[in-house]
Each structure stands twice: as C-alpha cells, then as structure tokens.
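One structure is given below, encoded as structure tokens.
Protein chains in written order, with our numbering: chain Y, 1 to 79; chain C, 80 to 335.
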C-alpha cells in the first residue's frame, strides 16, 4: 500500500521535496516511515518532528492504511 | 469556542468619540459601535517587537485596541529591516521598543501605547502580563514562547501564537483550559537557530494573529482553536491540522 508524506520547513529542505509517496507494508506505523526517512536523510534526526495523519495531529505509534496522508513538520520558532 | 471573553464588555465607561466613529467607520460596519467599544476597552500585550510584532502591533493599533503593551529588549539592526517593518533605516541602534512606541503612536494617537524594554524571563513574566486581556506571541524563540504559554494558562489569558520560517508560517489560538496549548502541540522546542525569512511571511502570519485578536475581542467568527494553520508560501497553500489537548501535557494537563 502507498502513503503520501508531506514535508514542511526544515524537513522539506533536508528531504529536498515537498512530498513523497512511500510504499509501506500492512501493519506499519508512522514511526516506521519516520525511521525509514531518518535512515535515508540522517539530518532529520536533529529535527523535533511533529506528525499528522490525515490532517490530524498524530502519535507515531498510529498504524497506517492505504492512501493515508502523513505530514511531517518541525515547530518553527522565528518571529 | 468562538466568543469573546466575558470580561471585555462594552460598558458605559467605554465611549466612542465622534472622531473615532469616523476613523473606524469601515470596521464599525462589520461589528458595530459595540464592537469598537470592546476594542477600546481591551488591553493587549505583544511579546516581541520583531517581524511578527511589527505586523500585529500595526493592525491592532489602527483597529483601535485601547491599550497596547509591547515588550522587547533588543536594539534595531540593519539585518532586521527585511521584515521588521516598523523599524526603519533611521532606527538602527535604537531600542526596538522606542521605535515601536514612536511609530504606533503616530499611526493612531487614540491608542495608549506603552513599551517595556526588558527580556521576558520567569521572574517578570507574570507581572508583565498581569493586567492584559490577552497575549500575542510574536517571539523568536521557544524558550520564551513556553514561558508565555505557561503564564497565559495560569492567568487564563488567551494566547495567539505565530511562528515563521522562510516562506512558511504556523499559527494557532489558545484558550486556556479549553483548547490545546502550545506545549500540547509542540512538546519540545526546536534548537535555537538563525532562521531564514522573507518579510512577507511575517505579514501573512502577523496579519492572521491580529485578525484572531480582533475576532476574539469583538466576539465574532470562529477562532483558530484546536487547529494548527500552516502557511506554505512557496506553494501558496494553507494546510490545517486538527490538534487537541494532551491530558498528560506538562503545562495544561492539570487545568481540568
């Protein structure tokens, strides 16, 4: 199954894309795709990540379904 | 969740003069003289006289908020001028609060502008906001944002959050004890950084913060509560994420 991941702010800079479609297996959790992304983009590890699932704030333990939309963003502190 | 706080009422001592009726004619068409009286009676603390503060302070001043307190301890630098639009070339080296006081008072002499050139710290934050009706979070760091969030919860003051990065912004409105607080949404602070930014992003975010404050005071519309709005300027899109109170939140979890 596929999920779409959107990136914002520093996360977007690190990944170099505003969104990606990731292939995930049945039973995978948000945490699993975050781990995959950190593996591919180690700099993400230094960012405090907030995640949402289908436009709702989510815990990383939540399970994914086909066509889910995940967003990944850091708090932005600038004023 | 959308109505103004009961204690900002348009009682008899809030008087809208003939010149004020003229000045605010276009907005009185929206919310009436009653709404204008509420604005006149309100006291707002704006924490931060930078990019976000420039925009929210300007719009709240021209809207006729009765009393505005601006708090900041910085001095204007050349590198501020791409976004901090209340500071001009002539202000370099001046206290940001002095620059704000001058500009805001000239924009609208009907508004009582006071400034405080102090760093907001744990020891003074409660005194700073003590007679305000609400707080605008226009800071540039999470350490101070968390201090303000906590005092807003303790004193039951609505808290209007905005943050910027590059072409992006994040905004939410917090009603203590009722909606997700800043710590519910962002449990951990990002590392301090020199953030990239264009001035217009502050315009979008500060403008939304000011809109929220006016709505709250006047008591119209639906507030940006339990939602994090993310402005993606590069894509010209606004994304919205539903957030909710975290019962285990270290800042508001004990508010019931």
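Note that CB positions come from ideal geometry on N, CA and C, so glycine has one too.
Next on the checklist: Classify residue 121 of chain C: buried if its beta carbon has 16 or more other beta carbons within 10 angstroms, exposed otherwise.
Outcome noted: Reading the second chain from its first residue, position 42 is the one you call residue 121 of chain C. Looking at its Cβ environment, which holds 16 or more other Cβ atoms inside 10 Å, residue 121 of chain C is buried.
Checklist entry - When we look at the beta-carbon of residue 303 of chain C and count the other beta-carbons within 10 Å, is it buried (16 or more) or exposed? => result For the purposes of this step, residue 303 of chain C is taken as residue 224 along the second chain, with counting starting at 1. Its Cβ being crowded by 16 or more others within 10 Å, residue 303 of chain C is buried.
Item to check | Three CB pairs or more closer than 8 Å across the segment 219–233 of chain C and the segment 281–294 of chain C | outcome: no
Item to check | Contact set between residue 287 of chain C and chain Y, taken where Cβ atoms lie within less than 9 Å | outcome: Along the second chain, read from residue 1 onward, the residue named residue 287 of chain C stands at position 208. What residue 287 of chain C touches in chain Y: nothing, since even the nearest Cβ is about 14 Å away.
Checklist entry - Skipping 5 residues on each side, what residues in its chain have a beta carbon closer than 8 Å to that of residue 74 of chain Y? => result For this step, residue 74 of chain Y is matched to residue 74 along the first chain. Around residue 74 of chain Y: 8, 9, 10, 11, 47, 48, 49, 50.
Next on the checklist: Rounded to whole angstroms, what is the Cα-Cα separation between residue 231 of chain C and residue 150 of chain C?
Outcome noted: Sequence index remark: in the second chain, residue 231 of chain C carries index 152 (1-based). Sequence index remark: in the second chain, residue 150 of chain C carries index 71 (1-based). Distance between the alpha carbons of residue 231 of chain C and residue 150 of chain C is about 15 Å.
Next on the checklist: Please list, in chain order, the chain C residues whose beta carbon lies closer than 9 Å to that of residue 38 of chain Y.
Outcome noted: As a working note, residue 38 of chain Y is residue 38 in the first chain. Residues of chain C passing the Cβ test: none, with the nearest at roughly 16 Å.
Item to check | Residue environment, residue 98 of chain C, which counts as buried when at least 16 other CB atoms sit within 10 Å | outcome: The count along the second chain starts at 1 and reaches residue 98 of chain C at position 19. Looking at its Cβ environment, which holds fewer than 16 other Cβ atoms inside 10 Å, residue 98 of chain C is exposed.
Next on the checklist: Quick check: residue 191 of chain C and residue 146 of chain C, are their CB atoms within less than 7 Å of each other?
Outcome noted: Numbered from 1 along the second chain, position 112 holds the residue referred to as residue 191 of chain C. Numbered from 1 along the second chain, position 67 holds the residue referred to as residue 146 of chain C. Yes, the pair counts as a contact, with Cβ atoms nearer than the cut-off.
Next on the checklist: Between C/325, C/187, C/273, which has its C-alpha nearest residue 78 of chain Y's C-alpha?
Outcome noted: In the first chain, the residue the question calls residue 78 of chain Y occupies position 78. Answer by Cα proximity: C/273.
Checklist entry - Cβ of residue 80 of chain C less than 7 Å from any chain Y Cβ? => result Translated into positions along the second chain, residue 80 of chain C becomes position 1. Confidence is the limiting factor: at residue 80 of chain C the pLDDT is only 44, short of 50, which leaves the residue's position unreliable, though a coordinate-based value still follows. Taking Cβ atoms only, chain Y never reaches closer than 7 Å to residue 80 of chain C, which makes this a no.
Checklist entry - Using CA coordinates, which residue listed in C/276, C/267, C/156, C/93 is at the minimum distance from residue 131 of chain C? => result Translated into positions along the second chain, residue 131 of chain C becomes position 52. The option with the nearest alpha carbon to residue 131 of chain C is C/276.
Checklist entry - If you measure from the beta carbon of residue 219 of chain C to each beta carbon in chain Y, is any gap under 7 Å? => result Your numbering for residue 219 of chain C matches position 140 in the second chain. Answer yes: the Cβ-Cβ gap between residue 219 of chain C and chain Y drops below 7 Å somewhere.
Checklist entry - CB-CB under 7 Å to residue 163 of chain C, same chain, minus the five flanking residues each way: which ones, in chain order? => result The sequence position of residue 163 of chain C within the second chain is 84, counting from 1. The residues are 129, 130, 133.
Checklist entry - Rounded to whole angstroms, how far is the Cβ of residue 305 of chain C from the Cβ of residue 322 of chain C, which I believe are closer than 8 Å? => result By 1-based counting over the second chain, the position of residue 305 of chain C is 226. By 1-based counting over the second chain, the position of residue 322 of chain C is 243. With 8 Å as the limit, residue 305 of chain C and residue 322 of chain C qualify as a contact, their Cβ atoms being about 6 Å apart.
Checklist entry - Looking at the unbroken beta strand (DSSP E) that takes in residue 20 of chain Y, where does it start and where does it end? => result As a working mapping, residue 20 of chain Y is identified with position 20 in the first chain. That run of the beta strand (DSSP E) goes 19–23.
Item to check | Residues of its chain near residue 319 of chain C, where Cβ-Cβ distance is below 8 Å and the 5 sequence neighbours each way are ignored | outcome: By one-based count along the second chain, residue 319 of chain C stands at place 240. Closer than 8 Å at the Cβ level, and outside the excluded window around residue 319 of chain C, lie 306, 307, 308, 309.
Checklist entry - So, residue 148 of chain C versus residue 176 of chain C, is the Cβ gap smaller than 7 Å? => result Counting from 1 along the second chain, the entry for residue 148 of chain C is found at position 69. Counting from 1 along the second chain, the entry for residue 176 of chain C is found at position 97. Result no, Cβ atoms of residue 148 of chain C and residue 176 of chain C do not sit closer than 7 Å.
Item to check | Three-pair Cβ contact test at 8 Å for the segment 20–34 of chain Y versus the segment 257–274 of chain C | outcome: no
Checklist entry - Going along the chain, which unbroken runs of the beta strand (DSSP E) with 3 or more residues stay wholly within the segment 232–265 of chain C? => result 238–244, 247–253
Next on the checklist: What does DSSP give as the partner residue(s) for residue 6 of chain Y in the beta ladder?
Outcome noted: For the purposes of this step, residue 6 of chain Y is taken as the residue at position 6 of the first chain. Answer is Y/19, Y/71, bridged to residue 6 of chain Y.
Checklist entry - Where does residue 126 of chain C sit, in a helix, a strand or coil, going by DSSP? => result By one-based count along the second chain, residue 126 of chain C stands at place 47. Strand.
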